[in-house]
Amino acid sequence: MANTMMDVKSLKNFINGEWKEVEGETTAVINPATGETVVHVPLSTKETVDEAVVAAKLAQKEWAMVPAPQRAEVLYRVGQIMKDRKEKLSQLLTLENGKVIEEARGEVQEGIDMAFYMAGEGRRLFGQTTPAELQNKFAMSVRAPIGVVGIITPWNFPIAIATWKSFPAIVAGNAVVWKPATETPIMAYELAKIYEEAGLPKGVINVVFGSGSSVGDAMVHHKDIRVISFTGSNETGSHIAAECGRQLKKVSLEMGGKNAVIVMDDADIELAVEGIIWSAFGTSGQRCTACSRVIVHEDVKETLEERLLVAMEQLTIGNGLDEKVKVGPIINQAGMEKIKKYIEIGKNEGAKLLAGGYVLTEGEHKEGNYFAPTLFTNATANMRIAQEEIFGPVVSLIPVRSFEEAIEVNNSVTYGLSSSIFTKDVNRVFQAQRDLDTGIVYVNAGTTGAEIHLPFGGSKGTGNGYRDSGVQALDVFTEWKAIYVDYSGKLQRAQIDVE
Ligand code: NAP
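When we follow my numbering, the leftmost residue of the sequence shown carries the number 68, and every step to the right adds one.
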């Protein structure tokens, strides 16, 4: 089934509007559900990055001169092609990433929504006009493109995150060099084809396949790439930030999370169970916003445990292309090893394992990377399983005695991406949305489910203050320019010639 879905055996880079074969090493892209090779991807080098940057630099000069509403026309066409091709893209996404097909369709839809939303920015890209302090003088601020921007994306949302970054970059008049994760290059290949078909001028987007340590590193070090927009782990992000800091290069970072659902004593427990199951085990827990902690009021702890166990038994685990499957595979062996390590850590720390905690190896699970949905209880806030990102289908229950303690536990981690509270008390709702220190807060819903027209990102250790998606994404890819037009015909000095 796998390989018939791909129209090529080996992917090519997309540079200056041309598909370029890379001489040298390639690596296999493995379907995590079956262990089969789907396609080969080139491991490009620094020289290829240099070539892409030269093309992007030339293209950007002309692209910036195209009126923004015309630039946006390309995005409308991109959105329409994605819409027409939604099912094919979704199937390919499941093939390379493993997420279940329903979620793959959701991710592709996110990209479609982003295309139409950002295309609308072609007729906005609002600046400000403001009174000047002197007579016969006009003052305004506008957004200006930055030049060549570098986009580095992870494997867990291979198309959505690329659209969050490349669409605002392009509508704002920049040119892009994009390095997708080596694990999931197919979405990049497909999106580049769509850009080509939509008529994006050559060189405005360039896709260079290859490892982070080679292609990614070359991008970060390249003097003509003026912005790096990165999503991935904290380890890589902090390394990139240090280098960008040295060069005074703008860098936007979206990194890890340790997200919690709070279940208060007055919560609708059935609804909370649904929210926890969806956000903890969807994408097998491999979302940056996945629920990894449940902070539960002690009065409802037992009921919640019982109902969660029942709901977990109903989760079907397997190949995400099967419509009945709810939990797909883990991306690779390294991911599996990390999860296994945290199961041992949790046990040794004294948390009680209520369900799961093992690898599935029999029958249809034999060839893929499958980990049983796992529930720990009686965890405490400072345990490593309650503090560190596991990135798998593992959730830990932390009992608390009060609302105030729940907020404190939520805020005790270094990350600040997403949080959620289940309660019927309107006062607690408003206190929680004020006091939860995450970039995203949900009330009576799980920790996942962001909409593209709102800013996406986290506070504290999750990021560095920028946001993906929403109009705020434009802040990454534009500089503010303040413009003063003096039409008095004489020299007027601000702060000095004021009567
Ligand atoms: P990762 O290992 O940091 O990789 C992310 C990207 O960075 C990949 O394209 C990778 O390339 C590249 N890279 C690796 N080393 C690099 C270097 N030295 N210089 C430049 N680029 C380099 O992260 P991941 O394991 O793929 O993704 C999972 C992480 O992403 C989790 O922590 C998750 O929470 C986070 N995430 C955050 C958000 C958010 O918006 N906050 C969203 C999704 C995911 P190769 O892998 O190809 O070598």
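Backbone N, C-alpha and C fix where the C-beta goes; we use that ideal spot for every residue, glycine too.
Do residue i and residue j have their C-beta atoms within less than 8 Å of each other?
| i | j | result |
| --- | --- | --- |
| residue 298 | residue 220 | yes |
| residue 149 | residue 159 | no |
| residue 222 | residue 164 | yes |
| residue 194 | residue 525 | no |
| residue 258 | residue 564 | no |
| residue 88 | residue 79 | yes |
| residue 409 | residue 336 | no |
| residue 420 | residue 375 | no |
| residue 479 | residue 448 | yes |
| residue 395 | residue 351 | yes |
| residue 245 | residue 274 | yes |
| residue 397 | residue 384 | no |
| residue 269 | residue 435 | no |
| residue 177 | residue 227 | yes |
| residue 296 | residue 216 | yes |
| residue 321 | residue 542 | no |
| residue 477 | residue 503 | yes |
| residue 356 | residue 196 | no |
Identify whether residue i lies in helix, strand or coil by the three-state DSSP scheme.
| i | result |
| --- | --- |
| residue 109 | strand |
| residue 177 | helix |
| residue 234 | helix |
| residue 72 | helix |
| residue 164 | helix |
| residue 425 | coil |
| residue 84 | coil |
| residue 442 | strand |
| residue 345 | helix |
| residue 358 | strand |
| residue 455 | coil |
| residue 156 | helix |
| residue 547 | strand |
| residue 530 | strand |
| residue 281 | helix |
| residue 104 | strand |
| residue 366 | helix |
| residue 389 | coil |
| residue 183 | helix |
| residue 262 | helix |
| residue 124 | helix |
| residue 78 | coil |
| residue 201 | coil |
| residue 437 | strand |
| residue 253 | helix |
Hey, quick one: how far does the alpha helix (DSSP H) through residue i stretch, first residue to last?
| i | result |
| --- | --- |
| residue 247 | Careful: residue 247 lies outside any alpha helix (DSSP H) and carries neither H nor E. |
| residue 543 | 541-544 |
| residue 562 | Element bounds for residue 562: n/a, residue is neither H nor E. |
| residue 497 | 493-502 |
| residue 136 | 135-151 |
| residue 301 | 301-314 |
| residue 217 | Unbroken run through residue 217 is the beta strand (DSSP E), 215-219; no alpha helix (DSSP H). |
| residue 406 | 400-416 |
Looking at the C-beta of residue i, does it have a partner C-beta in chain C at a distance below 8 Å?
| i | result |
| --- | --- |
| residue 78 | Included in the structure is just one protein chain, with no chain C present. |
Just to confirm the assignment, what range does the beta strand (DSSP E) spanning residue i have?
| i | result |
| --- | --- |
| residue 195 | 195-198 |
| residue 327 | 326-330 |
| residue 321 | 317-321 |
| residue 204 | 204-212 |
| residue 293 | 292-298 |
| residue 272 | 272-274 |
| residue 95 | 93-97 |
| residue 507 | 507-510 |
At a threshold of 7 Å, does residue i count as lining the ligand SAM (C-beta to nearest heavy atom)?
| i | result |
| --- | --- |
| residue 185 | The ligand content of the structure shown is limited to the ligand NAP, which means the ligand SAM is not among them. |
Q: For the segment 341-359 and the segment 545-561, state whether three or more C-beta atom pairs, one from each stretch, are separated by less than 8 Å.
A: no
Q. Can you find at least 3 beta carbon pairs, one from the segment 90-97 and one from the segment 255-269, that sit closer than 8 Å?
A. no
(Q) Check whether the segment 461-480 and the segment 356-369 touch, using three or more Cβ-Cβ pairs below 8 Å as the test. (A) yes
**Q.** Three CB pairs or more closer than 8 Å across the segment 239-252 and the segment 319-332
**A.** no
Q: Could you tell me whether the segment 119-127 touches the segment 234-246, using the rule of 3 or more Cβ pairs below 8 Å?
A: yes
(Q) Check whether the segment 384-397 and the segment 486-493 are in contact - that is, three or more C-beta pairs closer than 8 Å. (A) no
Q | Contiguous alpha helix (DSSP H) assignments of at least 4 residues, all confined to the segment 461-485 | A | 470-477
Q: Count the CB pairs spanning the segment 371-385 and the segment 470-485 that are closer than 8 Å, and state whether there are at least three.
A: no
Q.
Does the segment 275-285 come into contact with the segment 100-119, if we say contact requires no fewer than three beta-carbon pairs (one atom in each stretch) closer than 8 Å?
A. yes
Q. How do the segment 129-147 and the segment 182-196 stand: do at least 3 beta-carbon pairs fall below 8 Å, yes or no?
A. yes
Q | Contact between the segment 536-552 and the segment 202-214 (3+ Cβ pairs under 8 Å) | A | yes
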